[in-house]
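Working notes for the structure below.
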Amino acid sequence: MYPGQSVYTMSQKFSCDECDEAFPLYDLLKAHIRTTHSLASQQQRSYCCAICNKAFTQRTNLRTHERVHSGERPYKCAMCSKAFYQRTNLRNHIRTHTNERPYTCTVCGRAFTQRGNLYLHERIHSGIRPFQCNICERAFSQKGNLKSHLRTHERKKDAGKNYSKVEGNNITAFACGECGKAFQRQSLLKCHEKTHQLEQQSLKQKGCEDKEEDMTLSNYKQSGISQAVFPDTSSPLLLRITTK
Numbered sequence: 001m002y003p004g005q006s007v008y009t010m011s012q013k014f015s016c017d018e019c020d021e022a023f024p025l026y027d028l029l030k031a032h033i034r035t036t037h038s039l040a041s042q043q044q045r046s047y048c049c050a051i052c053n054k055a056f057t058q059r060t061n062l063r064t065h066e067r068v069h070s071g072e073r074p075y076k077c078a079m080c081s082k083a084f085y086q087r088t089n090l091r092n093h094i095r096t097h098t099n100e101r102p103y104t105c106t107v108c109g110r111a112f113t114q115r116g117n118l119y120l121h122e123r124i125h126s127g128i129r130p131f132q133c134n135i136c137e138r139a140f141s142q143k144g145n146l147k148s149h150l151r152t153h154e155r156k157k158d159a160g161k162n163y164s165k166v167e168g169n170n171i172t173a174f175a176c177g178e179c180g181k182a183f184q185r186q187s188l189l190k191c192h193e194k195t196h197q198l199e200q201q202s203l204k205q206k207g208c209e210d211k212e213e214d215m216t217l218s219n220y221k222q223s224g225i226s227q228a229v230f231p232d233t234s235s236p237l238l239l240r241i242t243t244k
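The sequence shown begins at 1 in full-length UniProt numbering and counts up by one.
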């Protein structure tokens, strides 16, 4: 894609079966179906799963879905014997052996083994970010990236439990949860907390060294070797040398 070129100048390759409206990206087509034809499609779904009540428009789709519950996997790979409950899953798996990549991005030329991976990749070019963080409103193109981002908020929340704010005389201080020492800035507190971490690491290392020393002494005693006796060097030692 050249500078200034919009991704939406690509060919309209995804068409809606209901109204024949076309879209350059599959995500846009899905959004169109969800907002325009969702009610009609729900009414047409007359085949329901007896286990989870999920509904389908065709009986064959229901039978394929029921294999998820039964564990039936009739489609087996001839190369590695791995089995799948859906023929398309087997077809995608075989491409991992043949390295076939039939789905190519029309913008950058990158190829993929599965159509779904191409859809996710196309969001990079289109700028579509449907997964939004409900804490900071940052948006992502993939659900996995959003989950990784949410963990950063969890770590920040957990880090906040290690200290408490101390307020008095119009001065706010951050107190260390280990020793109670207070600091005017949170950044100083974090630097201070590293000293406790180093102390803990040092204690763990010393404990390992003491354990190794005890094990060495124990092995020495179990070997049956008696302790060597050396002469007392506190008094002068007389050596007698005889020559022939």
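Where is the CB? At the ideal position from N, CA and C, for every residue including glycine.
Checklist entry - With 16 other CB atoms within 10 Å as the buried threshold, where does residue 154 fall? => result Here the question's residue 154 lines up with position 154 in the sequence shown. Answer is exposed; the Cβ neighbour count stays below 16.
Checklist entry - How close, in whole Å, do the beta carbons of residue 56 and residue 73 come, if the pair is a contact with beta carbons under 8 Å? => result One-based indexing of the sequence shown puts residue 56 at position 56. One-based indexing of the sequence shown puts residue 73 at position 73. So it is not a contact: roughly 20 Å between Cβ atoms.
Checklist entry - Is residue 132 helix, strand or coil by DSSP? => result Locating residue 132 in the sequence shown gives position 132, where the first residue counts as 1. Looking at residue 132 - three-state DSSP - the assignment turns out to be strand.
Next on the checklist: With distance defined between alpha-carbon atoms, name the residue in 58, 75, 50 nearest to residue 69.
Outcome noted: In the sequence shown, residue 69 corresponds to position 69, counting from 1. Nearest C-alpha to residue 69: 50.
Item to check | Length of the line joining the Cα atoms of residue 115 and residue 143 | outcome: Position 115 of the sequence shown, counting from 1, holds the residue named residue 115. Position 143 of the sequence shown, counting from 1, holds the residue named residue 143. Those two C-alpha atoms are separated by around 17 Å.
Item to check | Span separating the alpha-carbon of residue 16 from that of residue 148 | outcome: Counted from its first residue, the sequence shown places residue 16 at position 16. Counted from its first residue, the sequence shown places residue 148 at position 148. The straight-line gap from Cα to Cα measures roughly 33 Å.
Item to check | residue 119 (DSSP reduced to helix, strand or coil) | outcome: Along the sequence shown, one-based indexing puts residue 119 at 119. It is helical.
Checklist entry - Name the DSSP bridge partner or partners of residue 76? => result On the sequence shown, position 76 is the one that residue 76 refers to. According to DSSP, residue 76 bridges with 83.
Checklist entry - Looking only at its own chain, which residues have a Cβ that is under 8 Å from the Cβ of residue 65, when we skip the five neighbours before and after it? => result For this step, residue 65 is matched to residue 65 along the sequence shown. Hits under 8 Å: 49, 54, 56.
Item to check | Identified DSSP bridge partners for residue 48 | outcome: Here residue 48 refers to the residue found at position 48 of the sequence shown. Per DSSP, 55.
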